[in-house]
Amino acid sequence: MKVKDHFLAQEYFDIEPTDTPGILKTNPIPADLEKYYESQEYISHHQDKGGIKEFIYKKVQQLNLNFKRNLLAKELFNKAKVLDYGCGAGEFLKFIESDFTTFGYEPNADARNFAAKKFSSTTIIDNIAQLENESLDAVTMWHVLEHIPNQDEILNLIAQKLKPNGLLVIAVPNHTSYDAKKYGEYWAAYDVPRHIYHFSKSGMERLMKNKKWNLKYTRPLLFDAFYISMLSEKYKKNPIFWLSGFIYGAISNFKAIKTGEFSSLIYVIRKNEKIDF
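Quick note: the sequence shown uses the numbering used here, first residue 0, plus one each step.
Listed below in structure tokens is the structure:
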């Protein structure tokens with residue numbers, strides 16, 4: 000399938016199967032991939048612009064952040080060491096740093112500098128390799144894994160840094176959700192070429208069930224269906240994209256109650272106790 004970069008470059012890319020059923024990959028990956036992130040509109044650089052849309056966005060963001068924090072709180076003890084890998088503008092870390100001992104890693108310099116100004120106790124690291132092995136209680140990756148070209152290498156490195164039975168939380172879009180099938184090449188969560196990999200629920204289950212990882216359970220990110228559907232309608236140049244997107248986002252969530260195929264899913268994973276690297 001050919002998919003257009005509707006967000007920025009207006010270029011076309013192919014989305015092709017990988018060796019793992021249910022996981023797709025963008026092709027080709029530009030050598031200058033960094034330039035495809037260079038926009039003030041990109042979420043990593045989101046800044047307060049005021050107005051009703053911003054007000055609604057912030058309210059939804061607070062609900063999402065609270066949901067994510069509560070998920071961690073059920074799995075971790077107070078002041079557990081948590082690394083947010085790909086922390087973007089730092090909103091999640093800012094929200095949880097009073098509850099946990101927090102670290103942030105963000106490869107984009109602009110986003111990293113913007114995030115660092117928000118923190119009171121979070122430590123920003125330049126390279127995850129600088130952390131001691133088996134020193135972390137949890138690593139979170141909120142819509143990050145799909146951006147990483149060398150995902151096996153990074154997941155292995157994260158496993159080294161997590162304590163035995165440490166927690167890994169990954170959120171990614173689901174290309175077999177109702178909204179993905181409805182919008183096809185216009186589905187905003189393809190977000191080529193920034194999203195290199197595209198995961199189905201079954202694909203993620205295959206990826207995270209091995210000698211290193213034990214997938215415990217999944218949880219939906221319900222608001223993502225609305226956001227992605229609205230953005231997809233906008234890409235289709237629908238003048239009432241907000242209304243149509245809300246309707247189809249609601250339909251997507253309703254259908255997923257039965258199928259489990261939500262627009263975005265959180266995968267809660269434990270590192271296995273004994274691993275030979």
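By construction, the Cβ of each residue, glycine as well, lies at the ideal position given by its N, Cα and C atoms.
Note down the Cα distance separating residue i from residue j, rounded to an integer number of angstroms.
i, j, result
"R269", "M207", "10 Å"
"Y56", "K215", "31 Å"
"I124", "P238", "43 Å"
"N149", "K24", "12 Å"
"I42", "V143", "The predicted position of I42 is uncertain, since its pLDDT is 48 and thus under 50; no value can be drawn from it."
"K58", "F261", "21 Å"
"H44", "G89", "Confidence at H44 is low in this model, with a pLDDT of 44, below 50, so the placement of that residue should be treated as unreliable; the coordinate-derived value is given next. Cα to Cα, H44 sits roughly 10 Å from G89."
Classify residue i as buried or exposed, calling it buried when 16 or more other Cβ atoms lie within 10 Å of its own Cβ.
i, result
"Y11", "exposed"
"H174", "buried"
"S119", "exposed"
Determine the contact status of residue i and residue j, defining contact as a CB-CB distance below 9 Å.
i, j, result
"Y35", "L70", "no"
"P20", "G202", "yes"
"L135", "K80", "yes"
"L220", "S263", "yes"
"D190", "D4", "yes"
"K73", "F94", "no"
"I22", "H197", "yes"
"A158", "I274", "yes"
"L133", "K162", "Looking at the sequence itself, residue 133 is Glu, so the reference to Leu does not match. Yes, Cβ-Cβ distance for E133 and K162 is below 9 Å."
According to DSSP, residue i sits in a beta bridge with which residue or residues?
i, result
"M140", "I169"
"G248", "Partner(s): none; G248 has no beta bridge."
"D190", "According to DSSP, which records beta bridges pairwise, D190 is partnered with nothing at all."
"G103", "D83 and I123"
"T175", "Paired residues: none, contrary to the question."
"N213", "R269"
"H5", "Note: H5 sits in no beta bridge, so no partner."
Any 3 or more C-beta pairs closer than 8 Å across the stretch 241-256 and the stretch 152-165: Counting Cβ pairs under 8 Å, fewer than three are found: no touch.
At least three beta-carbon pairs within less than 8 Å, the stretch 96-107 to the stretch 254-263: Between the stretch 96-107 and the stretch 254-263, the count of Cβ pairs shorter than 8 Å is below three; the stretches do not touch.
Stretch pair the stretch 166-173 + the stretch 126-143: three plus CB contacts closer than 8 Å: yes
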